[in-house]
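Okay, structure first, notes after.
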Amino acid sequence: LFNPNNFDGLYTFIHDQTLFNRPIWEVPQSPNDKNIHYTGSSWIINGESHNILSHISDGYYPPESDITAQWIHSSFPDQVFHVLIKCIDSFAPISAPTSSPTQAPTLYPTYSPSVAPTHIPTYIPTIDPTGDPTSIPTMEPTSNPTSNPSTNPSVSPTIGPTDLPTVDPTNHPIIFITEDITHISDGIMW
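Next up, the structure:
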């Protein structure tokens, strides 16, 4: 049975959306279930429980206050329904709740906020120093720094020096291949 309550409601104009260059309306409490939009060849009213009314038209708006307009229900394609769409031209607040309400004003406003942070650091040290400071702090950098620092220091350096130091590394390393080579192919060693 056709139930008009599936379509009844206060449909609100959506200011920043169009479909096929036509306006869209929806019921704020159930925008996915109840909405009115254009498909390119007809106006559609989506109702609750997947009920759909369609009106073939190329008009910019659905037929307003025209009870002679013929609407077809998705479950009753051979039957014509007459729908009264009544527009209320208002931008005043409506009784439908919004999905993004305005936040209440704060009870603790800022009296003198800073325009921008300072570029001049404070000379006063922190009042909350570290809980585990070093007992022997470095007062200034070393007076004898290295003149040739490494560009690629080791992550794990050796503990002691080697007995056989190498000469400068080569740009073309040699790879030695022994005669004892084992090949594995398809799980067979040869």
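Just so we're aligned: the sequence shown equals residues 381 to 570 in this note's numbering. For each residue, glycine too, the CB sits at the ideal point set by N, CA and C.
Could you give the residue range of the beta strand (DSSP E) that holds residue i?
i    : result
F387 : Premise fails: F387 is in no beta strand (DSSP E) and is neither H nor E.
I447 : Taken as a continuous stretch (DSSP letters only), I447 belongs to no beta strand (DSSP E), as it is neither H nor E.
H435 : I432 to I436
D459 : As written in the sequence, residue 459 is Gln, which differs from the Asp given in the question. Looking at the DSSP string, the run of the beta strand (DSSP E) that includes Q459 is F456 to F461.
P403 : R402 to E406
H453 : W451 to H453
Run the CB neighbour count on residue i, radius 10 Å, all protein chains shown included, and call it buried at 16 or more, exposed below.
i    : result
H499 : exposed
N431 : buried
L390 : exposed
V407 : buried
I425 : buried
I468 : exposed
L433 : buried
F387 : buried
P521 : exposed
P497 : exposed
State the DSSP-derived secondary structure class of residue i, mapped to helix, strand or coil.
i    : result
E520 : coil
S422 : strand
D560 : Confidence in D560 is poor, its pLDDT being 48 and thus under 50, which makes the residue's placement unreliable; the coordinate value appears in the next sentence. Note: D560 maps to coil in three-state DSSP.
Any chance the CB of residue i is under 7 Å from a heavy atom of the ligand NAP?
i    : result
Q409 : This structure does not include the ligand NAP; it has no bound ligands of any sort.
Open item on the list: With a threshold of 8 Å, are at least 3 pairs of Cβ atoms found where one atom belongs to the region 446–454 and the other to the region 404–421?
Closed with: no
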